[in-house]
Amino acid sequence: MNQSSSKGRKKFNPRQKDKSISINERISTFKEVPLGFTPEQAILEAERCLQCSRPRCVDGCPVMVPIKDFISLVKEGKFIEASLKIKEKNALPAVCGRVCPQEDQCEKACVLGKVAEPVAIGKLERFVADYEAVQGTKEEIKPPERLPYKVAVIGSGPAGLTCAAELAKSGVEVYIYEALHEPGGVLTYGIPEFRLPKNIVKREIDYIISLGVKILTNQAVGANISLNEIIRNYDAVFIGVGAGLPRMLNIEGENLNGVYTANEYLTRINLMKAYLFPEYDTPIKRGSEIVVIGGGNVALDAARTALRTGAKKVTLAYRRTESEMPARKEEIEHAKEEGIVFEFLVSPIRFIGKNNTLRAVEFQVMELSEPDESGRRKPVPVIGKTKLINADIAITAIGTVANPLITKNFKKLKTNSRGYIEVDDNMMTSLKGVFAGGDIVTGAATVILAMGAGKKAAQSILAYLKNK
Amino acid sequence: MFEILRKKQISPEGFLIRIKAPQVAQTARPGQFLILRVSETGERIPLTIVNWSRSRGYIDIAFQVVGKTTYLLSKLKEGDAIIDLIGPLGNPSKIERYGTVAFLAGGFGAAAVLPIARAMRKKGNRVLTVLGARSKNYLIFEKELKKTSDVLIITTDDGSKGIRGFVKDGLSEILNSEKIDIAYCIGPAVMMKFTSEETRKHSIPTIVSLNPIMVDGTGMCGSCRVEVGGKTYFACVDGPEFDAHLVNWDLLLSRLNYYKDEEKLAYESILKQR
Chain A
1 MNQSSSKGRK KFNPRQKDKS ISINERISTF KEVPLGFTPE QAILEAERCL
51 QCSRPRCVDG CPVMVPIKDF ISLVKEGKFI EASLKIKEKN ALPAVCGRVC
101 PQEDQCEKAC VLGKVAEPVA IGKLERFVAD YEAVQGTKEE IKPPERLPYK
151 VAVIGSGPAG LTCAAELAKS GVEVYIYEAL HEPGGVLTYG IPEFRLPKNI
201 VKREIDYIIS LGVKILTNQA VGANISLNEI IRNYDAVFIG VGAGLPRMLN
251 IEGENLNGVY TANEYLTRIN LMKAYLFPEY DTPIKRGSEI VVIGGGNVAL
301 DAARTALRTG AKKVTLAYRR TESEMPARKE EIEHAKEEGI VFEFLVSPIR
351 FIGKNNTLRA VEFQVMELSE PDESGRRKPV PVIGKTKLIN ADIAITAIGT
401 VANPLITKNF KKLKTNSRGY IEVDDNMMTS LKGVFAGGDI VTGAATVILA
451 MGAGKKAAQS ILAYLKNK
Chain B
1001 MFEILRKKQI SPEGFLIRIK APQVAQTARP GQFLILRVSE TGERIPLTIV
1051 NWSRSRGYID IAFQVVGKTT YLLSKLKEGD AIIDLIGPLG NPSKIERYGT
1101 VAFLAGGFGA AAVLPIARAM RKKGNRVLTV LGARSKNYLI FEKELKKTSD
1151 VLIITTDDGS KGIRGFVKDG LSEILNSEKI DIAYCIGPAV MMKFTSEETR
1201 KHSIPTIVSL NPIMVDGTGM CGSCRVEVGG KTYFACVDGP EFDAHLVNWD
1251 LLLSRLNYYK DEEKLAYESI LKQR
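Residue numbers (the working numbering), protein chains in the order written: chain A, 1 to 468; chain B, 1001 to 1274.
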């Protein structure tokens, strides 16, 4: 740490910044945008860490990564050891280093952040995970002492993978049931390649498989296999199926050709690799004017993806203003750099088509109301004022809801009025031995919150099994 | 991996393949479908499950070569394997004792009709079937449908067998002497549209099995959305069966054609390669 205390006030080295690929390369390819730290940068950044005696950063981490310890190892140049240290608590470090909203979690709590820029914990996590993957792990994974339990995990997204890894590390036999032909859930079908390369997702899933977890693909519980059958065959069950159903706008023209849900658009591109059509068989329409509706991370992912398919103009239409956008700041900045056009205070009222194919989207112009009791300013229509945006493709990214597939034929599994599964403090559902966590309990949230839920559920499952 | 146990050509471009899939066979019911993928770069396509044996752990699917995926599928031999397959998906048909059930099968729709007709017959219904195709060698499952139907009427567009005309002409023939309690109409979307117009005229409750483009098949993406009675449904999880008289056919037809150019490109390039 560089602390010249000449006038009683410490000075800190500036936060290290990694390079990004050029804007031109960004918008014409699906290559990952930030390049990550070099080893030198990683050490410089690690040296900024205050090594607090009572670190706050860990409190901000849903999976309790030993941040202080791993950064201390980075400082000494022990990158592989640092990565292994993280993996004690987090099976998906390269994923988290890329997609966690660190600015709202560990880095928000960072003590250094009170006087200077916080330590770039996310970038360091990404660096060591990538370093270890390239250099290889020296240590063999020691199989834990086996426990006589078999657990089914439904869904191989962040919650399921974390829960499975945690249980496997404790010696439990784990089987993951995945509906699609590839594991990873939203990491695979949802988050695009340029933000989370699929070889990195595969690498971290391979690590979880190396812990002894078995993944059964093409298994949609509630469709081709019943929850009942799973319950019968396992000592405990974890449901982490996410909130997979796209919310629809229910306005005129929504079923026209050219109107995609973000789920469909991103699944075609990410899971099915439609951006590589015809090398891959699944097609995607390459529009020239594309409008994305929504203001969250999924909307931004869809907009930036649309740009990379060769669109001339991509507009992101959001009914509030930039400061209310739920998306990560970093993603908003990236989108602006890449030339996405932002239209604020507009709410779609109809899709206009010709021959059943989209031509334009009509919006109601909105304004923000006076703050209500909660201090939130709601968007309200400006009467009589509308706006037309030409579009050959529109992508709706207005959120997702619970997919009833697993719950609809299983009334004993209690859900709330919106279809999300109810759990107690130990994440157990209304069915004994059946636990749930992630978006299917909370509604759509972040990767890391789902991972935190998976981890907590794993601990509850272990306690439950041992007391059974 | 799902091994192909048997393969049989059933029409000039049509095949029936038997696949080892014990888990699918275990719970398959009439009216349900599966989704498969033929190669690592392949797309996911839905196909009806025609027949199955729970005890022997196999399922049968039938398909017509209409594009790249069905072409690749047709090139697989006995002993080869299908890399990904998930099923059964979709809601099974409601098999009840209706009285007289008419099955109106156009082209490869006969593959979807067969298991439903068998179950309806077994339930004690009188089963009347119209099997139509463009020409006599395009008629599939004729023998099986004859066995499972009290009356089987054949129609061909060119008159090479049975009545010269369409399935709706076969229906008119039946209506001369029978009262139909419910009709199942399954075939190409255009055929279902026009045939169900006929049943509407005669106030016959009619069910169709819709075949929109699907991706995941579990309700996640919405690619397969259809409009029925003015409401939007996802055919994969809400269907595939719907009330024929409430379906927005023009929307379905245009959504089915959305990727026509891409489908043509993919198919032509694979034909050139081979």
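Each residue gets a CB set at the ideal place from its N, CA and C atoms; glycine is no exception.
Apply the 10 Å Cβ neighbour rule to Gln102/A and answer buried if 16 or more other Cβ atoms are within range, or exposed otherwise.
So Gln102/A ends up on the buried side.
Between which two residues does the beta strand (DSSP E) holding Ile251/A run?
Taken as a continuous stretch (DSSP letters only), Ile251/A belongs to no beta strand (DSSP E), as it is neither H nor E.
For the structure I just gave you, are there three or more beta carbon pairs, one from the segment 231-249 of chain A and one from the segment 66-80 of chain A, closer than 8 angstroms?
Result no; under three Cβ-Cβ pairs closer than 8 angstroms.
Tell me whether the segment 295-307 of chain A and the segment 318-327 of chain A touch, counting them as touching only if at least three CB pairs, one residue from each stretch, are closer than 8 angstroms.
Flag = yes, the segment 295-307 of chain A and the segment 318-327 of chain A touch.
Leaving out the 5 sequence neighbours to the left and right, which residues in its chain are closer than 6 angstroms to Ala1111/B when beta-carbon positions are compared?
Thr1048, Val1050 and Ala1062, listed in sequence order.
Using 9 angstroms as the threshold, is the C-beta distance between Gly245/A and Val134/A below it?
For the record, residue 245/A in the displayed sequence is Leu; it is not Gly. Contact flag unset, no.
I believe Ile176/A touches Val213/A by the beta-carbon criterion, under 8 angstroms. Please report the beta-carbon distance rounded to the nearest angstrom.
Right, their Cβ atoms sit about 6 angstroms apart.
Quick one: residues in its chain with C-beta nearer than 6 angstroms to the C-beta of Glu1043/B, no 5 flanking neighbours on either side, listed in chain order?
Thr1069, listed in sequence order.
What's the gap between the Cα of Glu76/A and the Cα of Ala42/A?
Distance between the alpha carbons of Glu76/A and Ala42/A: 10 angstroms.
Grouping DSSP H, G and I as helix and E and B as strand, with all else coil, what is Leu307/A?
In the structure shown, Leu307/A sits in a helix (DSSP, three-state: H, G or I).
Please name the residue in Val128/A, Ser20/A, Gln16/A and Ala159/A whose C-alpha comes closest to that of His334/A.
His334/A has its Cα closest to that of Ser20/A, out of Val128/A, Ser20/A, Gln16/A and Ala159/A.
Looking at the structure shown, is Ile1095/B part of a helix, part of a strand, or coil, going by DSSP?
Looking at Ile1095/B - three-state DSSP - the assignment turns out to be coil, as it is neither helix nor strand.
Which chain B residues sit within Cβ distance under 7 angstroms of Ala223/A?
Here the neighbours are Leu1089 and Thr1218.
In chain D, which residues lie less than 8 angstroms from Asp1250/B when you measure between Cβ atoms?
Included in the structure are the protein chains A and B, with no chain D among them.
Just to confirm the assignment, what range does the alpha helix (DSSP H) spanning Asn1248/B have?
It is not in any alpha helix (DSSP H) - Asn1248/B carries neither H nor E in the DSSP assignment.
Name, please, each residue of chain A whose Cβ falls closer than 7 angstroms to the Cβ of Arg1237/B.
Reading off the sequence shown, one finds Val at residue 1237/B, where the question assumed Arg. Per Cβ cutoff of 7 angstroms: Leu405.
Using DSSP bridges, identify the partner residues of Arg1126/B.
Answer is Thr1100/B, bridged to Arg1126/B.
One question on the structure: do Thr1033/B and Gly1106/B come within less than 9 angstroms of each other, judged by their Cβ atoms?
Residue 1033/B is actually Phe in this sequence, not Thr. Not in contact: Phe1033/B and Gly1106/B (Cβ atoms no closer than 9 angstroms).
Ignore the nearest five residues each way along the sequence and tell me which others in Ile290/A's own chain have a CB closer than 6 angstroms to its CB.
Correct list, in chain order: Ala306, Ala311, Val314 and Ile393.
According to DSSP, simplified to helix, strand and coil, what is Gln1023/B?
If DSSP states are grouped into helix, strand and coil, Gln1023/B belongs with the helices.
Using beta carbons (cut-off 9 angstroms, strictly below), is Leu1047/B in contact with chain A?
Not an interface residue.
Assuming Thr386/A contacts Ile349/A under a Cβ cut-off of 8 angstroms, what Cβ separation, rounded to an integer in Å, is found between them?
Right, their Cβ atoms sit about 7 angstroms apart.
Tell whether a beta-carbon distance below 9 angstroms holds between Ile421/A and Ala436/A.
Result yes, Cβ atoms of Ile421/A and Ala436/A sit closer than 9 angstroms.
Is there at least one Cβ from chain A nearer than 9 angstroms to Glu1263/B's Cβ?
Chain A contact via Cβ: present.
Does Asn2/A get closer than 9 angstroms to chain B when you measure Cβ to Cβ?
Residue placement at Asn2/A cannot be trusted, given a pLDDT of 49 that sits under 50; what the coordinates show is reported in the next sentence. By this cut-off, Asn2/A is not an interface position.
Helix, strand or coil for Ser170/A, going by three-state DSSP, please let me know.
Of the three classes helix, strand and coil, the one that applies to Ser170/A here is coil, per DSSP.
What residues in the segment 177-196 of chain A bring their beta carbon closer than 7 angstroms to a beta carbon of chain B?
Listed in sequence order: Ala179, Leu180 and His181.
Pick out the complete beta strand (DSSP E) segments inside the segment 360-436 of chain A, 3 residues or longer, and give them in chain order.
Complete beta strand (DSSP E) runs here, min 3: 379-390, 393-396 and 434-436.
Determine the burial state of Asn355/A: buried for a count of at least 16 other Cβ atoms within 10 Å of its Cβ, exposed for fewer.
Exposed: under 16 other Cβ atoms inside 10 Å.
Quick check: the Cα distance between Asn467/A and Lys412/A, rounded to an integer number of angstroms?
Looking at the two C-alpha atoms, the distance is approximately 23 angstroms.
Would Ser1269/B count as contacting chain A if we go by Cβ distances under 9 angstroms?
Closer than 9 angstroms to some Cβ of chain A, the Cβ of Ser1269/B qualifies, so yes.
If we ignore side chains and look at the alpha-carbon of each, how far apart do Gly1162/B and Glu1173/B end up?
Cα to Cα, Gly1162/B sits roughly 12 angstroms from Glu1173/B.
Following the continuous alpha helix (DSSP H) through Gln1032/B, name the residue where it begins and the one where it ends.
Here Gln1032/B belongs to no alpha helix (DSSP H), and DSSP marks it neither H nor E.
Going by DSSP, name the residue or residues bridged to Val237/A.
Answer is Ala152/A and Val434/A.
Excluding the five sequence neighbours on either side, which residues of its own chain have a C-beta within less than 6 angstroms of the C-beta of Glu117/A, listed in chain order?
Answer for Glu117/A: Arg15, listed in chain order.
How about Asn233/A: is its C-beta nearer than 9 angstroms to some C-beta of chain B?
With 9 angstroms as the cut-off, Asn233/A does not count as an interface residue toward chain B.
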